[in-house]
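Contents: one structure, followed by commentary.
Residue numbers (this note's numbering): 559 to 804.
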């Protein structure tokens, strides 16, 4: 019996390693970004960023082939949801999404905040504060942050990319910008905007790789096990340090 289990394991590993998995992402610094401006939607070996590097090392360690492709967030999400052997990263693992994907992670932590101009004096008690419903708040289209705010009845001006929202905040088209802390500071710097955190939307948010449910569950288990080893041996910490001053 043990012999057959061993043979089956070897066969499974061989099949998994022969398959190439497509990992879809967006331009979302410091988690995923381009070294060079390669065309959207094509396999992009020039990608860099915290989550990109973690996944490259992870799949290399388990000897599984991948291709990374860059789309808008909305399309990347749809590809992972509908196309066999596809995944999307980095994405938030929410109760609404839990049964829609198979999950590898967490890859990185990303708490959500409201950002405003540095001279903003706006204050709010919590997300039930009625003042929030009277403000123009920007966020990523169909992103977990925007979806979360909507559950409180807060209107959101959704854009396809964080750069647009950063520009809107700079030009005072919006009053507040809802985004992860690291991304917010990165994009604000890119558009020459001095910002401050107005308040916390939600803490203890983590970003994952979400796989289409066609992906073998044993592969997901193997990836999560290896990712745990990467945390313990310091590999993940070293990757974080590479991007600390970005």
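For every residue, glycine included, the Cβ atom is placed at its ideal position computed from N, Cα and C. The model shown is predicted, which means the values in this text are computed figures rather than measured ones.
Beta-carbon gap between residue i and residue j smaller than 8 angstroms
i           : j           : result
residue 773 : residue 579 : yes
residue 703 : residue 736 : yes
residue 699 : residue 631 : yes
residue 662 : residue 744 : no
residue 648 : residue 589 : yes
residue 693 : residue 734 : yes
residue 682 : residue 691 : no
residue 794 : residue 612 : yes
residue 667 : residue 764 : yes
Residue interval of the beta strand (DSSP E) (run including residue i)
i           : result
residue 654 : Run containing residue 654: none; DSSP gives neither H nor E here.
residue 767 : 764 to 769
residue 582 : 578 to 583
residue 674 : 670 to 675
residue 714 : Premise fails: residue 714 is in no beta strand (DSSP E) and is neither H nor E.
residue 660 : 660 to 667
Alpha carbon of residue i to alpha carbon of residue j, nearest angstrom
i           : j           : result
residue 644 : residue 785 : 19 angstroms
residue 713 : residue 658 : 26 angstroms
residue 646 : residue 687 : 34 angstroms
residue 676 : residue 792 : 36 angstroms
residue 540 : residue 762 : Because residue 540 is not part of the residues shown, which for the chain are 559 to 804, the question remains open.
residue 500 : residue 768 : Lying outside 559 to 804, the shown extent of the chain, residue 500 is not represented and no answer is given.
residue 565 : residue 716 : Low local confidence applies: a pLDDT of 46 at residue 565 is under 50, so the model's placement there is unreliable, and no value is given.
residue 796 : residue 594 : 23 angstroms
residue 730 : residue 711 : 22 angstroms
residue 755 : residue 671 : 6 angstroms
residue 641 : residue 770 : 7 angstroms
residue 732 : residue 751 : 13 angstroms
residue 705 : residue 727 : 20 angstroms
residue 621 : residue 780 : 11 angstroms
Among the options, the one whose alpha carbon lies nearest that of residue i
i           : options               : result
residue 660 : 672, 638, 668 and 675 : 638
residue 783 : 739, 672, 610 and 617 : 617
residue 577 : 620, 619 and 624      : 624
residue 747 : 582, 587, 583 and 581 : 587
residue 604 : 752, 626, 731 and 620 : 626
residue 585 : 760, 732, 718 and 768 : 718
residue 555 : 798, 800 and 777      : This structure cannot settle anything about residue 555, because the visible part of the chain is limited to 559 through 804.
residue 696 : 612, 721 and 650      : 721
residue 633 : 581, 591, 621 and 622 : 581
residue 798 : 591, 607 and 652      : 607
residue 636 : 701, 775 and 801      : 701
residue 760 : 652, 790, 788 and 753 : 652
Bounding residues of the alpha helix (DSSP H) (the contiguous stretch that carries residue i)
i           : result
residue 720 : 720 to 728
residue 794 : 793 to 800
residue 875 : Because residue 875 is not part of the residues shown, which for the chain are 559 to 804, the question remains open.
Beta-carbon separation (whole angstroms), residue i vs residue j, contact threshold 8 angstroms
i           : j           : result
residue 742 : residue 680 : With 8 angstroms as the limit, residue 742 and residue 680 do not qualify as a contact, their Cβ atoms being about 16 angstroms apart.
residue 669 : residue 758 : 7 angstroms
Test: residue i CB closer than 8 angstroms to a CB of chain B
i           : result
residue 743 : Within the model displayed, chain B is absent; a lone protein chain is all it includes.
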